[in-house]
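Q: The structure follows.
Numbering (our numbering), first residue to last: 2 to 152.
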């Protein structure tokens, strides 16, 4: 079998940040790296799950909602993928992620989509853990620019 594109990235060199992973037609895949790969510190499942609910809900309630294809965690628990239409400029995508993480960092209240009807693992959530991850990433992305989005 052919090796998929994400496995061709040297994970030993990756650091926290936001990168363009690939472009397929009019869809841009952003690699939002929140933990150093193979560093021994990974996103805890409950915090990652809550982060996913808040991140996905936030981006789908912005002016870019029709350009959001997918938001979801990486199986390795080192970050998230955000897939957007290429009609969203990279600088706007960075700002969208910054705004999302600020929202999560400051979020109070009921986590969206956490009833048994809405979620397949509705009991496994950690708002404080999600907020801590968001706070860390707000600092990482504070001065991030389009020039920083290449691996």
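Cβ coordinates follow ideal geometry from the N, Cα and C atoms, glycine included.
Source: prediction; values computed, not measured.
By the three-class DSSP mapping on this structure, what secondary structure does residue 130 have?
A: In the chain shown, residue 130 corresponds to position 129, counting from 1. Note: residue 130 maps to helix in three-state DSSP.
Q: Check whether the Cβ atoms of residue 52 and residue 101 lie closer than 7 Å to each other.
A: Here residue 52 is taken as the residue at index 51 of the chain shown, counted from 1. Here residue 101 is taken as the residue at index 100 of the chain shown, counted from 1. No, they are not a contact pair.
Q: Under three-state DSSP, which class holds residue 137?
A: Residue mapping note: residue 137 aligns to position 136 of the chain shown, counting from 1. Looking at residue 137 - three-state DSSP - the assignment turns out to be helix.
Q: Three or more C-beta pairs closer than 8 Å, one from the region 124–137 and one from the region 105–112: is that the case here?
A: The region 124–137, when compared against the region 105–112, does touch it at the 8 Å Cβ threshold.
Q: Can you give me the C-alpha to C-alpha distance between residue 18 and residue 148, rounded to a whole angstrom?
A: The residue given as residue 18 occupies position 17 in the chain shown. The residue given as residue 148 occupies position 147 in the chain shown. One C-alpha to the other measures close to 12 Å.
Q: As a quick exercise: from 113, 81, 64 and 8, pick the residue whose alpha carbon is nearest that of residue 31.
A: Your numbering for residue 31 matches position 30 in the chain shown. Selected option, being the one with the closest Cα: 81.
Q: Would you call residue 6 buried or exposed, if buried means 16 or more other Cβ atoms sit within 10 Å of its Cβ?
A: Looking up residue 6 in the chain shown gives position 5. It counts as exposed.
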